[in-house]
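Reminder that position 9 of the sequence shown reads as 9 in full-length UniProt numbering, one-by-one numbering, no gaps.
Just so you know, even glycine gets a beta-carbon here, dropped at the ideal spot from N, CA and C.
This report refers to the structure that appears directly beneath it.
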Amino acid sequence: MSDSFMVAARIPRAREAFERWLDTPVPEAADAIENPDQMYTGWFWDGTSPQDDWNLDREGKNPRTLFAEQIDKGQGVAVLRHRDGALEAYLLHWGFDRWSVHMALLALAVAGPHKADGGDDHAIFWAETSGSLGPPDWDGRLACLAIGRTGARFTGRTDLTGVLAALGPAEDAFFALVERLHAEEEADGPHLSPREPEFVDPAVLDRGNG
Numbered sequence: 001m002s003d004s005f006m007v008a009a010r011i012p013r014a015r016e017a018f019e020r021w022l023d024t025p026v027p028e029a030a031d032a033i034e035n036p037d038q039m040y041t042g043w044f045w046d047g048t049s050p051q052d053d054w055n056l057d058r059e060g061k062n063p064r065t066l067f068a069e070q071i072d073k074g075q076g077v078a079v080l081r082h083r084d085g086a087l088e089a090y091l092l093h094w095g096f097d098r099w100s101v102h103m104a105l106l107a108l109a110v111a112g113p114h115k116a117d118g119g120d121d122h123a124i125f126w127a128e129t130s131g132s133l134g135p136p137d138w139d140g141r142l143a144c145l146a147i148g149r150t151g152a153r154f155t156g157r158t159d160l161t162g163v164l165a166a167l168g169p170a171e172d173a174f175f176a177l178v179e180r181l182h183a184e185e186e187a188d189g190p191h192l193s194p195r196e197p198e199f200v201d202p203a204v205l206d207r208g209n210g
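Quick look at the structure:
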């Protein structure tokens, strides 16, 4: 597998609903996901139980505090923004940081209410050294979370062609951010790119509203 573990989603919602989501408390898995014990069913880690991984310290955490803290500390690479009427998340975690990955999935699971459409949107979890989405028929994905207005559930193998296409702009932004971070490291300068509005919505970093 890989040292880079990725979570990504695109969930249509109005700007006001995006900002409301930022202040939604991260819930227990049992309150947000119908079947948290089936996270890996049908995917690369099929047969592995994630049950104990959902015992998380969530005190005081909402999407704003969760992601702002990770960005401030440089824990991975994050694209998290409201663009073209949707919440876009494209998140890289260094290694399998179970707490960060599962908290990200829980944060996205509660983005269903006030969603702009009545169908399911999907958050995907995968490991890939390059950080790329990969083709629709790739066998290496680890989980897929279907997010509806009234709840979320893990699904087995499903056609992700449309999901991956919709995530294309977020993937492009992710690689643009990685390129800028590399340039900043080469210049031995401050890492300003992770906080640029094209990558992270300013509302995410505005903890005065959280």
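query                                                                                                                                                                      : result
For Phe154, tell me which candidate among Gly162, Asp139, Ala123, Val178 has the shortest Cα-Cα distance.                                                                  : Ala123
Beta strand (DSSP E) containing Pro12: first to last residue?                                                                                                              : 4-12
Specify, as a first and last residue, the run of the alpha helix (DSSP H) that Leu164 falls within.                                                                        : 161-166
Is the Cβ-Cβ distance between Trp99 and Leu56 less than 8 Å?                                                                                                               : yes
Between which two residues does the alpha helix (DSSP H) containing Trp126 stretch?                                                                                        : Per DSSP, Trp126 belongs to no alpha helix (DSSP H); it is in the beta strand (DSSP E), 121-127.
Drop a sphere of 10 angstroms on the beta-carbon of Pro63, count the other beta-carbons inside from all chains shown, and report buried for 16 or more, exposed for fewer. : buried
Could you spell out the range, first to last residue, of the alpha helix (DSSP H) harbouring Ile71?                                                                        : 63-73
Could you tell me the alpha carbon to alpha carbon distance between Met1 and Glu128, rounded to whole angstroms?                                                           : The pLDDT assigned to Met1 is 46, lower than 50, so where the model puts this residue is not dependable; a value taken from the coordinates is nonetheless given after this. One C-alpha to the other measures close to 7 Å.
Give the secondary structure of Met1 by DSSP, where H, G and I count as helix, E and B as strand, and everything else as coil.                                             : With a pLDDT of 46 at Met1, under the threshold of 50, the predicted position of this residue should be treated as unreliable, though the coordinate-derived value follows. Met1 falls in the coil class under three-state DSSP.
Quick one: what's His82 bridged to in DSSP?                                                                                                                                : Leu87
Skipping 5 residues on each side, what residues in its chain have a beta carbon closer than 8 Å to that of Glu184?                                                         : Pro190, His191, Leu192, Ser193
Cutting at 8 Å between CB atoms, please list the residues of its own chain near Met103, excluding the five before and the five after it.                                   : Val26, Leu56, Arg58, Lys61, Leu66
Specify the secondary structure class of Val154 as computed by DSSP and reduced to three states.                                                                           : Rather than Val, the amino acid found at residue 154 in this sequence is Phe. Strand.
If distances are taken between C-alpha atoms only, which option among Glu171, Met6, Thr158, Ala176 comes closest to Gly95?                                                 : Met6
If you follow the beta strand (DSSP E) that Leu142 is part of, which residue opens it and which one closes it?                                                             : 141-147
Measure the alpha-carbon distance for Thr24 versus Ala68 and round it to whole angstroms.                                                                                  : 14 Å
Find out if the Cβ-Cβ distance for the pair Arg13, Ala116 is shorter than 8 Å.                                                                                             : yes
Consult DSSP for Val204 and reduce its assignment to one of helix, strand or coil.                                                                                         : helix
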